[in-house]
């Protein structure tokens, strides 16, 4: 016989079952990937990959907002659809989208997957994003996103260092470690941004105590990628967590170039990763782990995502084939 006491317990139990998933969802980091215009045609696939990588941790809920006008990546938009996105229009050239106005304040974290020659955001969207970051928002910048928006002063401060887009000495110094492991800020004239042929290269940690890199091997092998060099910018409130050596034999600089960077902008935290040119680059377990841990740090200032057992070593790269 079901007594009043038993009935009350059953009600509480049922409510608890319903409440736990909702609580778990609300406790997740609310992340937004913004994309739509990028000279790297695989950008829609990279967005899908990053969304899955973050959600796999159980610590993120990830939305995507895309510009109405897209540039490059047409076949990948079709092959890697994102549920809930509006219909977009592919153009032969990038174009300003006056309707692109994400509600940044709804999110703990924004991940920028724009690229070189992306059309600028409207003044209203720029101002709203600057306010979001100054008030403590989180930002993750991936690969060619440091090519974007060269004429937006606050964005250049947020990324710390950038390339291409007519960036020169007017935008700030080159920043790198020389072959004696000395940090250099080089003000000589010159254009920003270059890279040699893609290859597998070693990542060398410059800070082994930061929450993002703590526990990683001092050196680990990254899968085939573009190694950005000659980046320059304001470089204020910036810390280089890791570098990669760019050999002159590969049309590089013979310098240790920044690969993982953190920046502070107002109360906001930024994680800038120059890695991630193509799908095989983003399949590197090092890339995946840095994205997950860097995103958590940018959103919260802390990291409790563990290093996976298959993290790369100094002599062995590790890759996870992406399955959508």
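Numbering (mature numbering (1 follows the signal peptide of the UniProt record, and there is no 0)), first residue to last: -24 to -1, 1 to 300. Think of the CB as a built atom: it goes at the ideal place given N, C-alpha and C, for glycine as much as any other residue. If you're wondering where the values come from, they're calculated on a predicted model, not measured in any experiment.
Identified DSSP bridge partners for residue i
i	result
residue 170	205
residue 218	181 and 236
residue 40	9
residue 67	47
residue 18	In DSSP, residue 18 forms no bridge with anything.
residue 295	260
residue 231	222
Three-state class that DSSP yields for residue i in the structure shown
i	result
residue 245	strand
residue 200	strand
residue 268	helix
residue 128	coil
residue 275	helix
residue 72	coil
residue 195	strand
residue 85	strand
residue 175	strand
residue 223	coil
residue 61	coil
residue 254	coil
residue 281	coil
residue 188	coil
residue 55	helix
residue 300	coil
residue 287	coil
residue 35	coil
residue 212	coil
8 Å Cβ cutoff met for residue i and residue j
i	j	result
residue 136	residue 210	yes
residue 218	residue 236	yes
residue 225	residue 87	no
residue 268	residue 30	yes
residue 53	residue 252	no
residue 247	residue 220	no
residue 76	residue 97	yes
residue 181	residue 194	yes
residue 208	residue 126	no
residue 13	residue 120	no
residue 197	residue 171	no
residue 84	residue 7	yes
residue 42	residue 11	yes
residue 200	residue 131	no
residue 357	residue 140	Since the first residue of the chain shown is -24 and the last is 300, residue 357 is not available in this structure.
residue 281	residue 101	no
residue 5	residue 51	no
residue 223	residue 152	no
residue 40	residue 64	no
residue 293	residue 176	yes
Rounded separation between residue i and residue j - CA only
i	j	result
residue 110	residue 244	6 Å
residue 145	residue 128	16 Å
residue 372	residue 168	Because residue 372 is not part of the residues shown, which for the chain are -24 to 300, the question remains open.
residue 37	residue 59	13 Å
residue 288	residue 229	25 Å
residue 285	residue 215	27 Å
residue 73	residue 91	15 Å
residue 183	residue 189	7 Å
residue 290	residue 279	23 Å
residue 70	residue 44	11 Å
residue 67	residue 159	42 Å
residue 283	residue 213	27 Å
residue 300	residue 239	32 Å
residue 80	residue 114	10 Å
residue 116	residue 249	8 Å
residue 242	residue 231	31 Å
residue 27	residue 55	15 Å
residue 191	residue 263	15 Å
residue 166	residue 298	39 Å
residue 107	residue 9	18 Å
residue -3	residue 133	At residue -3, the pLDDT of 45 sits below 50, so the modelled position is not reliable and the matter cannot be decided from this model.
residue 254	residue 104	30 Å
residue 260	residue 25	12 Å
residue 78	residue 16	23 Å
- Where in the stretch 88 to 171 do unbroken runs of the alpha helix (DSSP H), each at least 4 residues long, occur, reported from the N-terminal end onward? 99 to 110 and 129 to 135
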